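In UniProt numbering, the protein residues as written are 1 to 303.
We put the beta carbon where it would ideally sit given N, CA and C, even for glycine.
Remember, it's a predicted structure, so these values are computed and weren't measured experimentally.
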Amino acid sequence: MPECMTEDKIGDVEAALDLETIPDDVKEYARVRLGETTDTRTQMVEDLRELIYQRGDITPLKMDDEYLIRFLRARNFKLEPTYRLLQNYCRFREENYNFYENVNPIDLHHIGDQDILSVLPYREQNGRRIMIYKIGKWNPSVTPIDDIFKATIATLEAGMLEPRAQILGGVAIFDMQGLTMNHAWYITPSVVSKVLEIMATSFPMKISAIHVVHESWVFEKIFTMFKPLIGNRYKEMLFFHSDDMKSLHKHIEPKYLPVVYDGIRPDYGYAQWFSTLSRDQRVVKAMSELGYATPKPFEIQET
């Protein structure tokens, strides 16, 4: 499968998803941190499926083992928390069907063109993928905030197909350079609620750390809306670095960061990520089953 074509001399570029392989060290991490073994995985999937049938208050999109396992991994194989997560996920989809219905992730290329959201096609030192938001580059008069939600959710849904990501979670960098009061007007309580649902309560993608860089007084004003709603567990995942990239490097080594964060890598765009994924028919099929545009969710025109 063709990989991301941007030149990167490190040699570990891997935009394509690894849908099958779980390295031994990640399996051990899953055993120690999540309590996942072959036996517990089999038993807990059966227990979760039985609970879904027994309670009958939700109708998951799918009921196969692979689909249910991602929710169990997100809640460390604890049955009731997993069920609540699945409930929240189903409710979120029902209430925000427009984030899925007739959405083709490739059609959201303007998110990448503006450099608002990107996914790095390699993993940091702990094996996690990195999402980067450059909120200051968002032009609200050109790009509706719902498009950012659509791109974010499509990225997470694609990432959640990867077993390694289900186990390890991901890392997010929020770059606030260029954030203005014009942006702040669009960060309503409803938007805050959706962000927290996506990041904390309603998606089976674990966020291991959120790094905020180049924050300003405008960010501080916006963050005051979020702070009371963030639980202690998630507050521990937040790291604020201001303009100090050495502080960021204590968490993510420079060789896993773009040059803009005093790393050594080139930038990668949103469109590059999905253009690569579009070539894997397994990913196309899986995303189609999640409600994305058919018949070819990631079809792109060759030029």
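- Taking buried to mean at least 16 other C-beta atoms within 10 Å of its own C-beta, is residue 358 buried or exposed? With the chain covering only 1 through 303, there is no way to say anything about residue 358.
- DSSP state of V103 mapped onto helix, strand, coil: The answer is coil: DSSP assigns V103 none of H, G, I, E or B.
- Task: Count the other CB atoms, across all protein chains shown, that sit within 10 Å of the CB of T152; report buried if there are 16 or more and exposed otherwise.
- Result: T152 is buried by the Cβ-count criterion.
- Query: What do you get for G159, buried or exposed, if any count of 16 or more other CB atoms within 10 angstroms of its CB means buried?
  - Reply: With 16 or more other CB atoms across the displayed protein chains lying within 10 angstroms of its CB, G159 is buried.
- Item | Contact set for S118: own chain, Cβ-Cβ below 6 Å, skip 5 residues either direction | Once the five neighbours on either side are set aside, the close Cβ partners of S118 are I132, Y268, G269, Y270.
- Task: Quick one: residues in its chain with C-beta nearer than 8 Å to the C-beta of L196, no 5 flanking neighbours on either side, listed in chain order?
- Result: Around L196: F226, L229, I230.
- Message: Our contact map puts A218 next to A184 with C-beta atoms below 8 Å; I'd like the distance itself, whole angstroms only.
- Response: The question names Ala, but residue 218 is Val in the sequence shown. Sure, about 6 Å apart at Cβ, within 8 Å.
- Closest by C-alpha distance to V171, when choosing among D57, E253, Y29, L277: When each option's Cα is compared against that of V171, the closest is E253.
- Message: Using C-beta distances below 7 Å, list every residue in its chain close to I240, excluding the 5 sequence neighbours before and after it, in chain order.
- Response: The question names Ile, yet the displayed sequence has Phe at residue 240. Taking F240 as the centre and dropping the five residues before and after it, the same chain places the C-beta of V212, E215 closer than 7 Å to its C-beta, in chain order.
- Beta-carbon separation of Y256 and A200 under 9 Å? No. Outside cutoff.
- In this structure, does DSSP put residue 353 in helix, strand or coil? What is shown of the chain runs 1 to 303, which leaves residue 353 out entirely.
- Buried or exposed (CB count within 10 angstroms, at least 16 for buried), A286: So A286 counts as buried.
- Please work out which residues of its chain come closer than 7 Å, Cβ to Cβ, to R49, disregarding the five sequence neighbours upstream and downstream, and give them in chain order. The residues M63, L68, in chain order, have a CB closer than 7 Å to that of R49 in the same chain once the five nearest residues on each side in sequence are set aside.
- Query: If you draw a straight line from the C-alpha of K27 to the C-alpha of R123, how long is it?
  - Reply: Straight-line Cα distance between these residues: approximately 17 Å.
- By DSSP, does L174 sit in helix, in strand, or in coil? The sequence given here places Phe at residue 174; Leu does not occur at that position. Strand, per DSSP.
- Query: For R93, which three-state DSSP category applies?
  - Reply: Under the three-state reduction of DSSP output, R93 falls in the helix class.
- Identify whether M131 lies in helix, strand or coil by the three-state DSSP scheme. Strand, per DSSP.
- Task: Could you check which residue in R73, S141, W273 has the C-alpha nearest to that of R41?
- Result: Between R41 and the set R73, S141, W273, the nearest pair of CA atoms involves R73.
- Taking all protein chains shown into account, decide if Q301 is buried (16 or more other Cβ within 10 angstroms of its Cβ) or exposed. Below a pLDDT of 50, predicted positions are generally treated as unreliable, and Q301, at 45, falls in that range; no measurement from the model is reported.
- Query: Does DSSP put I210 in a helix, a strand or coil?
  - Reply: Note: I210 maps to strand in three-state DSSP.
- Item | Option nearest E220 by Cα separation, candidates S247, H249, T180 | Nearest of S247, H249, T180 to E220, Cα basis: T180.
- Message: Please tell me whether I210 and I187 are closer than 9 Å, where the distance is taken between their beta carbons.
- Response: Not in contact: I210 and I187 (Cβ atoms no closer than 9 Å).
- Message: Check this for me: beta carbons of Q87 and I58, under 9 Å apart or not?
- Response: For Q87 and I58, yes; Cβs fall inside 9 Å.
- Task: Might you give, ordered along the chain, the residues of its own chain that have their beta carbon closer than 6 Å to the beta carbon of C126, omitting 5 neighbours on each side?
- Result: It should be pointed out that residue 126 corresponds to Asn in this sequence rather than to Cys. Sequence-distant partners of N126 (beyond 5 residues in either direction) whose C-beta falls short of 6 Å from its own C-beta are missing from its chain.
- Message: Let's see if you can read the secondary structure: which residues bound the alpha helix (DSSP H) around Y53?
- Response: Counting along the chain, Y53 sits inside the alpha helix (DSSP H) bounded by residues 38-55.
- Helix, strand or coil: how does DSSP classify R123 here? Taken through DSSP and simplified to helix, strand or coil, R123 comes out as strand.
- Query: In or out: E36 buried (at least 16 other Cβ within 10 Å) or exposed?
  - Reply: Residue environment for E36: buried (at least 16 other C-beta atoms within 10 angstroms of its C-beta).
- Among the residues of its own chain, which have a CB less than 8 Å from the CB of I22, if the five just before and after it don't count? So the list reads A30, P163, R164, I167, once near-sequence residues are dropped.
- Specify, as a first and last residue, the run of the alpha helix (DSSP H) that F71 falls within. Taken as a continuous stretch (DSSP letters only), the alpha helix (DSSP H) holding F71 covers 65-74.
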